[in-house]
Structure formats: C-alpha cells, structure tokens
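In what follows, a single structure is set out as structure tokens and then discussed.
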Amino acid sequence: MANVLAGIIGALLGFSGALLGAWIKSQGEHRRWLRDQKLASAAEMVSAGTNIYEFRSGSKDWIESFEPSELREWQSQLQRGRAAIHLLCTQETRDHAGAFVKSCWRAKDEAETIRALSAFTASLRKEIGSK
Numbered sequence: 004m005a006n007v008l009a010g011i012i013g014a015l016l017g018f019s020g021a022l023l024g025a026w027i028k029s030q031g032e033h034r035r036w037l038r039d040q041k042l043a044s045a046a047e048m049v050s051a052g053t054n055i056y057e058f059r060s061g062s063k064d065w066i067e068s069f070e071p072s073e074l075r076e077w078q079s080q081l082q083r084g085r086a087a088i089h090l091l092c093t094q095e096t097r098d099h100a101g102a103f104v105k106s107c108w109r110a111k112d113e114a115e116t117i118r119a120l121s122a123f124t125a126s127l128r129k130e131i132g133s134k
C-alpha cells in the first residue's frame, strides 16, 4: 500500500512539474511574440510616417511625381502600425507614437519630427527591453 501511495505521489509531482514547465515555456513564447509584434508594428509605422513626412514637406514638383495611391497606402500602413502600437504598448509609448504621427502630418519642423521619432523609439526600446 505504501508503495502504491508513493508511486501516485511521485506521478503527481512529475505531472505538476511538466505542467509548470509547459506554462513557463508558453509565457516565454508569448513574450517573444508580443515583442515581435511591437517591433513589426513600429517599423511599419515609422516607415509610413517617414514617407508621409517627406511627401508633405517636399517641393511641388516632387509631390506631383507621386501617385495618390502611394499616399493612401502609406496612410493605411501608418494606421495599421499605429493601431497595433495602441493595442500592445504602454501609454507612454502610445503617446510618443501619436506625437510622431502628428509631426509627420504637419511636416513643418524637421527637428520636431526627429525629436518625436527619437522619443518614440526610446520608449519602445525601454518597453521591449532593448538597449
């Protein structure tokens, strides 16, 4: 009887250990997935925002060389990236993302846009644990 009880306890401990290991692994995978989603969204948003800034601050001849569909695609890309940032990131990062987007659309002050981009990337790096 004692051997059976010891066997059951050992099996329960082994099963508990397996469950704990699976949970820990899934948490690590979730963190990596979340980090990858944040990085991909930020890259999409920064790329589109930069294109919009350059478009809005360009000369008339330069602006006329673009197709309206390009601007629509950048707007769509910017919104996809921004939506993901707003769903996945902290309030600080969302605020910096909003400031960057606004400065891209205004396209009046390059230094302001660069500051907004730097603040956004610094906040995102802090959030994802990157130096």
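At position 47 of the sequence shown (counting the first as 1) the number is 50 in this note's numbering, and the numbers step up by one without a gap. C-beta: ideal position from N, C-alpha, C; glycine also.
Cβ-based neighbour list, Glu47, same chain, cut-off 7 Å, excluding 5 preceding and 5 following: The count along the sequence shown starts at 1 and reaches residue 47 at position 44. Counting only Cβ-Cβ distances below 7 Å, and skipping sequence neighbours, we find Gln80, Arg83 and Gly84.
Whole-angstrom distance between Leu16 and Val104, CA atom to CA atom: Position 101 of the sequence shown, counted from the start, is the residue given in the question as residue 104. Position 13 of the sequence shown, counted from the start, is the residue given in the question as residue 16. Those two C-alpha atoms are separated by around 53 Å.
Length of the line joining the Cα atoms of Ile55 and Trp108: Within the sequence shown, numbered from 1, the residue matching residue 55 stands at position 52. Within the sequence shown, numbered from 1, the residue matching residue 108 stands at position 105. Per the coordinates, the alpha-carbon of Ile55 lies some 7 Å from the alpha-carbon of Trp108.
CA-to-CA distance, Ala25 to Ala100, given in whole angstroms: As a first step, residue 100 must be located in the sequence shown, where it is residue number 97. As a first step, residue 25 must be located in the sequence shown, where it is residue number 22. Cα-Cα distance, rounded: 35 Å.
For Thr116 and Lys63, the rounded distance between their alpha carbons: On the sequence shown, position 60 is the one that residue 63 refers to. On the sequence shown, position 113 is the one that residue 116 refers to. Approximately 21 Å between the Cα atoms of the pair.
Where Ser72 falls, given that 16 or more other Cβ within 10 Å makes a residue buried: As a first step, residue 72 must be located in the sequence shown, where it is residue number 69. Ser72 counts as exposed, since fewer than 16 other C-beta atoms from the protein chains shown sit within 10 angstroms of its C-beta.
Contact check, Ser44 vs Ala87, beta carbons under 8 Å: For the purposes of this step, residue 44 is taken as residue 41 along the sequence shown, with counting starting at 1. For the purposes of this step, residue 87 is taken as residue 84 along the sequence shown, with counting starting at 1. Yes, the pair counts as a contact, with Cβ atoms nearer than the cut-off.
Leu127 burial status per 10 Å Cβ neighbour count (16 or more: buried): Position 124 of the sequence shown, counted from the first residue, corresponds to residue 127. Label assigned to Leu127: buried.
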